[in-house]
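**Q** Please see the structure below; I have some questions.
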Amino acid sequence: MKNILIAIRSIFKKGRHNVMKIVSLGIGLAVGLVLIAKVYFEQSYDDFYPDRDRVYQVWAKYQQNGGELKDYPQTSGGIAPTMQQQIPEIETVTRYTSFGDWTFTMTDTKMKYSGRCIIADSCFFDILPRPMLIGNAKEVLSIPMYVLVSSRIAKNIGGDVIGKNFTVDSSPGRTMTIGGVFEEVPENSHSRYDVIVSMASAGRFMWEGSPTNMLGNDRYISYVKLHKGVNPLALEEQVHTFVNSYFPPEEQQKTGFNIGFSFHELDGLHKELPQVKRMTWILSLLAFALIFTAVMNYILIVISSIVNRSKEVAVHKCYGASENNIHGMMFGEALVHIVLSLILALLLILAFRGTVEELLATSLDSLLLSNGSLVLLGICILVFFVSGFMPGSLYARIPVASAFRNYRENKRIWKKALLLVQFVATGFLVTMLVFVARQYTFMVNDRPGYAYENLAYCGLAGVDSTSRAKILDEVMRLPGVVAATTVYQLPFEHASGNNILLPGETQELFNIADLYWVGNGYLDMMEIPVIQGRSFTENVTNSREVMVDRRFVEKMKLVAGWTDDVIGKDICVTEHSKWNEEPFTICGVYENIRLGGISNQDMRPSVLFYTHKPMYTLQVKFHELNNDSMARLQQKISETFPDRELNAISFRSEIMDLYKDSRQFRDSVMIGGLVTLLVTLIGLIGYTNDEVSRRRKEIAVRRVNGATLWDILRLFIKDIGYICIYAVILGGGIAYFVLQKWQEQFTEKVPLSWYIFLGCGVCVLLIIYSVVCLDARKTANDNPVNCLKSE
Numbered sequence: 002m003k004n005i006l007i008a009i010r011s012i013f014k015k016g017r018h019n020v021m022k023i024v025s026l027g028i029g030l031a032v033g034l035v036l037i038a039k040v041y042f043e044q045s046y047d048d049f050y051p052d053r054d055r056v057y058q059v060w061a062k063y064q065q066n067g068g069e070l071k072d073y074p075q076t077s078g079g080i081a082p083t084m085q086q087q088i089p090e091i092e093t094v095t096r097y098t099s100f101g102d103w104t105f106t107m108t109d110t111k112m113k114y115s116g117r118c119i120i121a122d123s124c125f126f127d128i129l130p131r132p133m134l135i136g137n138a139k140e141v142l143s144i145p146m147y148v149l150v151s152s153r154i155a156k157n158i159g160g161d162v163i164g165k166n167f168t169v170d171s172s173p174g175r176t177m178t179i180g181g182v183f184e185e186v187p188e189n190s191h192s193r194y195d196v197i198v199s200m201a202s203a204g205r206f207m208w209e210g211s212p213t214n215m216l217g218n219d220r221y222i223s224y225v226k227l228h229k230g231v232n233p234l235a236l237e238e239q240v241h242t243f244v245n246s247y248f249p250p251e252e253q254q255k256t257g258f259n260i261g262f263s264f265h266e267l268d269g270l271h272k273e274l275p276q277v278k279r280m281t282w283i284l285s286l287l288a289f290a291l292i293f294t295a296v297m298n299y300i301l302i303v304i305s306s307i308v309n310r311s312k313e314v315a316v317h318k319c320y321g322a323s324e325n326n327i328h329g330m331m332f333g334e335a336l337v338h339i340v341l342s343l344i345l346a347l348l349l350i351l352a353f354r355g356t357v358e359e360l361l362a363t364s365l366d367s368l369l370l371s372n373g374s375l376v377l378l379g380i381c382i383l384v385f386f387v388s389g390f391m392p393g394s395l396y397a398r399i400p401v402a403s404a405f406r407n408y409r410e411n412k413r414i415w416k417k418a419l420l421l422v423q424f425v426a427t428g429f430l431v432t433m434l435v436f437v438a439r440q441y442t443f444m445v446n447d448r449p450g451y452a453y454e455n456l457a458y459c460g461l462a463g464v465d466s467t468s469r470a471k472i473l474d475e476v477m478r479l480p481g482v483v484a485a486t487t488v489y490q491l492p493f494e495h496a497s498g499n500n501i502l503l504p505g506e507t508q509e510l511f512n513i514a515d516l517y518w519v520g521n522g523y524l525d526m527m528e529i530p531v532i533q534g535r536s537f538t539e540n541v542t543n544s545r546e547v548m549v550d551r552r553f554v555e556k557m558k559l560v561a562g563w564t565d566d567v568i569g570k571d572i573c574v575t576e577h578s579k580w581n582e583e584p585f586t587i588c589g590v591y592e593n594i595r596l597g598g599i600s601n602q603d604m605r606p607s608v609l610f611y612t613h614k615p616m617y618t619l620q621v622k623f624h625e626l627n628n629d630s631m632a633r634l635q636q637k638i639s640e641t642f643p644d645r646e647l648n649a650i651s652f653r654s655e656i657m658d659l660y661k662d663s664r665q666f667r668d669s670v671m672i673g674g675l676v677t678l679l680v681t682l683i684g685l686i687g688y689t690n691d692e693v694s695r696r697r698k699e700i701a702v703r704r705v706n707g708a709t710l711w712d713i714l715r716l717f718i719k720d721i722g723y724i725c726i727y728a729v730i731l732g733g734g735i736a737y738f739v740l741q742k743w744q745e746q747f748t749e750k751v752p753l754s755w756y757i758f759l760g761c762g763v764c765v766l767l768i769i770y771s772v773v774c775l776d777a778r779k780t781a782n783d784n785p786v787n788c789l790k791s792e
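For the sequence shown, the positions run 2 to 792 when my numbering is used.
Structure representation (structure tokens):
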């Protein structure tokens, strides 16, 4: 306790640089601990579900014509219930399908609310339970047109919500009744939702047979809960028997389409994703670099003060202080400094709460107020031990004789080693920042095969066909509008799949990304080149034309032996061609476009169909898209649909949102790099000040003997020159390895050019040398007499 009180009284003592130590350590801990909390959060997904070791998600496995076997985390609606009937080791099953974000209007108050919606069966909470605040989940999810809402939605609505009705804006005429309230799903869940619609209501929103069909319409997320002690690997034979009973091998062979199913443990659904594993170890590396740099900087400043404090320690030894007593002094100081650093770190985190939550896409409460706080506490204890033990060991070796003469030991090897670590971290993070920023800039500015700069769109779900035609005509009259049409599917959205067949045959050749229907002038509006044939014949009632992309032609050459000339040939597309008797004629081939984003690009061939009926997405092209033109479009939409919340959105904003994760990662690296650079420079200034103080008389003698200012500065640059170069090379090498792993997620990537690595290294060296020169310049210019007059 005495050591702690002494440490508190000496916080502002001259020569200790305590404020510098606390600030640099606090900044490093603020960023480092938040990153570690994020890593723990990502690894804790779904840990709140009971019996999660017995819950498995059912994935479908598909193989077409001997091609690659692919896993999909979705199944048809009838798969899970039928599995339960056939496999006795399964205790219970459930399935749900997502309906996206719903905006709904309360019948009594006319107030609008929004939330994520799913349609689930009555056993949903038997496998993925949430505490029920009001109502019985099993009963509610068995009644048509009844829903459960989360505690968040219920709180927003206010009052007793049971029995209240609402209508869904995207599905007018359908009235839902609230039958229960469940506790909101935590953020660390692989599936989050606010509204659960009973499966008994499915027929009012989609095909009535959807929940029970066995093949196709694979939109359901299915789960099984096994009996205790059952190993899912032991069920492979029974799953194979189940597949053969409903999908006979001869039928699979006839269609060229093999199917199977596999079980994936609930606990690993999120953290085993490649992108999550990649992000976890990169963020862990960043956090380690930040905290390690901050701790090494703290130790460096402490060691730099050893000459000034040698007499103090020696006097303590003269009065009987043992090595343990010296260690106690240093641990007391470390405790006080770390507590103050943590307080500073907490204040910084709270002050920049919004930024932290935006960058990490997680609320601060979920990051810090969870079991992850124990991990952070353990790291703080480790930092305390290292910060107290290492300086304590060095200070304990100070001889008693230092009380009577100057202490000459300078610990330069220790200090240079600590600087080396900090320089490596700085070189690594600065290089990372440059390449991550280049990759992000490349992605948001790259042309995806269509011109999107002047495009905007508005979803018209729930709007009747007459009103869709009306808004299309109204928008065409707006000043600055070049063209307007309606489409079913936007190219950056996830595309549903259908299979290709040849007329009169049963074998399914391959799966395509189905972009469904487009209206008049779509290809011209998107500036997508037609490389073969022509565009659609427009304004026809029942078009039997289809357009395909270049990938489609290449695929047909491989699987069907077609030539390059595909115009006029017929194909059948499942969902569009009933019973394989309604073929479509290829009228044109368009150039490949990017479906999705660079980080999640859909590489399947794509097809387009034409319709003269207005579809559910309005698409508008302007001469120049700016704030004024967007405001006019939004005003026209609001005037046409005053009772609906329909928003005009620019294509560019959606393209940028595709790379939101990359932008957040870029900003995280930028903050980490700046903090590491700042902490490193603080340590470098402390080291340079110590060296200047130690060599003050040597500098004076050199000046007397004719040394110039540059000669003196060169001494200090040479002193750390080699370790800077080695550190920057090592930091760049680590960055190269990490960047290669990070870029694996992108289909298109910027090259890791050697000259940019060189430029990053040179910039870091220039910053370091500049700081050294500026710090040493004052002493180098000082009058030598001031340093030698005591001799």
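Ideal Cβ positions, reconstructed from N, Cα and C, are used throughout, including at glycine.
Under 8 Å, do residue 339 and residue 386 count as touching if we go by C-beta distance?
**A** As a working mapping, residue 339 is identified with position 338 in the sequence shown. As a working mapping, residue 386 is identified with position 385 in the sequence shown. In this structure, residue 386 does not lie closer than 8 Å to residue 339 by Cβ.
**Q** Using the C-alpha atoms, what's the distance from residue 634 back to residue 627?
**A** Translated into the one-based positions of the sequence shown, residue 627 becomes position 626. Translated into the one-based positions of the sequence shown, residue 634 becomes position 633. Their Cα atoms are separated by approximately 11 Å.
**Q** Helix, strand or coil: how does DSSP classify residue 405 here?
**A** Taking the first residue of the sequence shown as position 1, residue 405 is located at position 404. Model confidence at residue 405 stands at a pLDDT of 49, short of 50, so the residue's coordinates are unreliable; what they give is reported in the following sentence. If DSSP states are grouped into helix, strand and coil, residue 405 belongs with coil.
**Q** Among residues of its own chain, excluding the 5 on either side of residue 124, which ones have a beta-carbon nearer than 6 Å to its beta-carbon?
**A** Within the sequence shown, residue 124 is the residue found at index 123, counting from 1. Cβ within range, chain order: 93 and 95.
**Q** Since residue 499 sits in a beta bridge, which residues does DSSP pair it with?
**A** As a first step, residue 499 is located in the sequence shown; it is residue number 498 there, counting from the start. Residue 499 is bridged to 513.
**Q** Pair every Cβ in the region 170-190 with every Cβ in the region 36-55, then say whether three or more of these pairs are closer than 8 Å.
**A** The region 170-190 is in contact with the region 36-55.
**Q** Just to check my reading of the structure: residue 729 and residue 767 have Cβ atoms closer than 8 Å, yes? What is that Cβ distance to the nearest angstrom?
**A** As a position in the sequence shown, residue 729 is number 728, starting the count at 1. As a position in the sequence shown, residue 767 is number 766, starting the count at 1. Contact doesn't hold; Cβ gap of about 11 Å is too wide.
**Q** Can you give, in chain order, each stretch of the beta strand (DSSP E) that sits fully within the region 210-247 and has at least 3 residues?
**A** Within the region 210-247, the complete beta strand (DSSP E) runs of at least 3 residues are 222-227.
**Q** Would you kindly check if the distance between the Cβ of residue 587 and the Cβ of residue 529 is under 8 Å?
**A** On the sequence shown, position 528 is the one that residue 529 refers to. On the sequence shown, position 586 is the one that residue 587 refers to. No, these two residues do not count as a Cβ contact at 8 Å.
**Q** Starting from residue 60, follow its DSSP beta bridges and name the residues at the other end.
**A** Translated into the one-based positions of the sequence shown, residue 60 becomes position 59. Answer is 263.
**Q** Straight-line CA distance for residue 485 to residue 540?
**A** Locating residue 485 in the sequence shown gives position 484, where the first residue counts as 1. Locating residue 540 in the sequence shown gives position 539, where the first residue counts as 1. Spanning the two alpha carbons is a distance of roughly 15 Å.
**Q** Can you give me the C-alpha to C-alpha distance between residue 342 and residue 281, rounded to a whole angstrom?
**A** For the purposes of this step, residue 342 is taken as residue 341 along the sequence shown, with counting starting at 1. For the purposes of this step, residue 281 is taken as residue 280 along the sequence shown, with counting starting at 1. Their backbone Cα atoms lie some 26 Å apart in a straight line.
**Q** Should residue 142 be labelled buried (16 or more other beta-carbon atoms within 10 Å of its own) or exposed?
**A** Counting from 1 along the sequence shown, the entry for residue 142 is found at position 141. So residue 142 counts as buried.
**Q** So, for residue 471: in the same chain, excluding its five sequence neighbours on each side, which residues have a beta-carbon less than 8 Å away from its beta-carbon?
**A** As a first step, residue 471 is located in the sequence shown; it is residue number 470 there, counting from the start. Correct list, in chain order: 641.
**Q** I need the DSSP call for residue 627, collapsed to helix, strand or coil.
**A** Indexing the sequence shown from 1 puts residue 627 at position 626. In the structure shown, residue 627 sits in coil (DSSP, three-state: anything other than H, G, I, E or B).
**Q** Is it true that the CB of residue 453 sits closer than 8 Å to the CB of residue 653?
**A** For the purposes of this step, residue 653 is identified with residue 652 of the sequence shown, where counting begins at 1. For the purposes of this step, residue 453 is identified with residue 452 of the sequence shown, where counting begins at 1. A contact, by the Cβ cut-off of 8 Å.
**Q** Tell me, please, which residues DSSP counts as bridged to residue 120.
**A** Along the sequence shown, read from residue 1 onward, the residue named residue 120 stands at position 119. Paired residues: 98 and 198.
**Q** Measuring straight from C-alpha to C-alpha, what distance separates residue 509 and residue 62?
**A** Stepping through the sequence shown from its first residue, residue 509 is reached at position 508. Stepping through the sequence shown from its first residue, residue 62 is reached at position 61. When rounded, the distance between both Cα atoms is 16 Å.
**Q** Which runs of the alpha helix (DSSP H) fall wholly inside the region 430-507 and span at least 4 residues, in chain order?
**A** DSSP runs (the alpha helix (DSSP H)) wholly in the region 430-507: 466-477.
**Q** Out of 464, 328 and 360, state which residue places its alpha-carbon closest to the alpha-carbon of residue 391.
**A** Here residue 391 refers to the residue found at position 390 of the sequence shown. Checking every option, the nearest Cα to that of residue 391 belongs to 328.
**Q** Here's the rule I'm using: 16 or more other beta-carbon atoms within 10 Å means buried, otherwise exposed. How should residue 477 be labelled?
**A** Translated into the one-based positions of the sequence shown, residue 477 becomes position 476. Its Cβ having fewer than 16 others within 10 Å, residue 477 is exposed.
**Q** Where do the N-terminal and C-terminal ends of the alpha helix (DSSP H) with residue 166 fall, by residue?
**A** Start at 1 with the first residue of the sequence shown, and residue 166 comes out as number 165. First-last for residue 166: 166-169, but that is the beta strand (DSSP E), not the alpha helix (DSSP H).
**Q** Hey, how far is the Cα of residue 271 from the Cα of residue 265?
**A** For the purposes of this step, residue 271 is taken as residue 270 along the sequence shown, with counting starting at 1. For the purposes of this step, residue 265 is taken as residue 264 along the sequence shown, with counting starting at 1. Looking at the two C-alpha atoms, the distance is approximately 11 Å.
**Q** Is it the case that the Cβ atoms of residue 177 and residue 146 are separated by a distance below 8 Å?
**A** On the sequence shown, position 176 is the one that residue 177 refers to. On the sequence shown, position 145 is the one that residue 146 refers to. Result yes, Cβ atoms of residue 177 and residue 146 sit closer than 8 Å.
**Q** Return the chain-ordered ranges of every alpha helix (DSSP H) run that is complete within the region 346-397 and spans a minimum of 4 residues.
**A** Segments of the alpha helix (DSSP H) lying fully in the region 346-397: 354-361, 365-369 and 373-396.
**Q** Measure from the C-beta of residue 163 to each C-beta in chain C and report whether the shortest distance is under 8 Å.
**A** Within the model displayed, chain C is absent; a lone protein chain is all it includes.
**Q** For residue 643 and residue 616, what's the separation of their Cα atoms in angstroms?
**A** For the purposes of this step, residue 643 is taken as residue 642 along the sequence shown, with counting starting at 1. For the purposes of this step, residue 616 is taken as residue 615 along the sequence shown, with counting starting at 1. About 20 Å.
**Q** Enumerate in chain order the residues of its own chain whose CB-to-CB distance from residue 90 is below 7 Å, with the five nearest sequence positions on each side excluded.
**A** Stepping through the sequence shown from its first residue, residue 90 is reached at position 89. So the list reads 227, 228, 231 and 236, once near-sequence residues are dropped.
**Q** Taking its Cβ as the centre, do 16 or more other Cβ atoms sit within 10 Å of residue 356, making it buried, or is it exposed?
**A** The sequence position of residue 356 within the sequence shown is 355, counting from 1. Exposed: under 16 other Cβ atoms inside 10 Å.
**Q** Alpha carbon to alpha carbon, what distance is there between residue 216 and residue 244?
**A** Locating residue 244 in the sequence shown gives position 243, counting from the first residue. Locating residue 216 in the sequence shown gives position 215, counting from the first residue. Rounded to the nearest angstrom, the two C-alpha atoms are 11 Å apart.
**Q** CB-CB under 7 Å to residue 302, same chain, minus the five flanking residues each way: which ones, in chain order?
**A** If you number the sequence shown from 1, residue 302 lands on position 301. Same-chain partners within the cutoff: 18, 21, 22, 684 and 687.
**Q** Is the beta carbon of residue 572 sitting closer than 8 Å to the one on residue 503?
**A** Here the question's residue 572 lines up with position 571 in the sequence shown. Here the question's residue 503 lines up with position 502 in the sequence shown. Going by C-beta atoms, residue 572 is nearer than 8 Å to residue 503.
**Q** Please classify residue 122 as buried or exposed, where buried requires at least 16 neighbouring CB atoms within 10 angstroms.
**A** Mapped onto the sequence shown, residue 122 falls at position 121. Under this definition residue 122 is a buried residue.
**Q** Which same chain residues, not among the five before or five after residue 183, have their C-beta less than 8 Å away from its C-beta?
**A** Here residue 183 corresponds to residue number 182 of the sequence shown, with the count starting at 1. Taken in chain order, the residues that qualify are 126, 131, 132, 133, 134, 138, 149, 150, 151, 152 and 197.
**Q** For the region 582-614, list the beta strand (DSSP E) runs that are entirely contained and at least 3 residues long, ordered along the chain.
**A** Counting only runs of 3 or more, we get 585-591 and 607-611.
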